[in-house]
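A.B. asks: This structure is in structure tokens; I'll ask about it shortly.
Now the structure itself:
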């Protein structure tokens, strides 16, 4: 009887220990959710629901074509490939398409469109385990380097990028097999030279194209002012 009593006590202790561990896991999860929601100025419930819907989209796919497969993008790409300025009306059509796609995705995730880009950027980095404390990102997360040709002010560090450049980088990233929301390095070579003038970290998605995340260290870069 004493042995049975000891076994029962041991089993109960293990059971209580398991329950306590489960509660700790839930507590840590909720703490992480609360921190994430606060970072994005969302309610915790909003963040969790958006995250779950995002995972289902990743698992099951979306009925939206990738941006680079749309007719409007292909028309724009023709100009970019021929190093021609994209007509203003066509730029407007592309921007309208991107806005429509953003609105649809935001609706699918249950978010206001104004919170969409911040959520996608933040959550995708969390999801891939590459979000560091503060605003610093791990260089180790950069998996690919692509090179583009720049000219004029577009070669200057810190300069804004044109729609042509954004679309060129998007196409090159897709062709190189870079996955959406993955950080990749872009090196800018001055037109008709082999001189690299700047380097930046970029990301892209198939809803709105490519964007710069931040400047990157570049020991071989040289700028002629």
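Numbering (our numbering), first residue to last: 141 to 365.
A virtual CB, placed ideally from N, CA and C, is assigned to each residue, including glycine.
Specify whether the stretch 236–252 and the stretch 324–343 touch according to this definition: at least 3 beta carbon pairs, one from each stretch, less than 8 Å apart.
C.D. replies: Output reads no: the stretch 324–343 does not touch the stretch 236–252.
A.B. asks: Just list the beta strand (DSSP E) runs in the stretch 314–363, keeping only unbroken ones of 3 residues or longer that don't cross its boundaries, in chain order.
C.D. replies: Listed in chain order, the complete beta strand (DSSP E) runs (minimum 3 residues) inside the stretch 314–363 are 324–330, 336–345 and 349–355.
A.B. asks: Decide if residue 348 is buried, meaning its Cβ has at least 16 other Cβ atoms within 10 Å, or exposed.
C.D. replies: With 16 or more other Cβ atoms within 10 Å, it is buried.
A.B. asks: Let me know the secondary structure DSSP gives residue 283 once reduced to three states.
C.D. replies: Of the three classes helix, strand and coil, the one that applies to residue 283 here is coil, per DSSP.
A.B. asks: What does the alpha-carbon distance come out to for the pair residue 313 and residue 360?
C.D. replies: Rounded to whole angstroms, residue 313 to residue 360 spans 22 Å at the Cα level.
A.B. asks: Which residues does DSSP pair with residue 175 in a beta bridge?
C.D. replies: Answer by DSSP bridge pairing: none, since residue 175 is not bridged.
A.B. asks: Just to confirm before moving on: does the CB-CB distance between residue 242 and residue 253 stay below 8 Å?
C.D. replies: In contact: residue 242 and residue 253 (Cβ atoms closer than 8 Å).
A.B. asks: When you compare the CB positions of residue 306 and residue 351, do they come within less than 8 Å of one another, or not?
C.D. replies: In contact: residue 306 and residue 351 (Cβ atoms closer than 8 Å).
A.B. asks: Distance check for residue 284 and residue 318, CA to CA, integer angstroms please.
C.D. replies: Taking the straight line from one Cα to the other gives about 7 Å.
A.B. asks: Suppose you measure from the CA of residue 185 to the CA of residue 173; what does that come to, to the nearest Å?
C.D. replies: Their Cα atoms are separated by approximately 9 Å.
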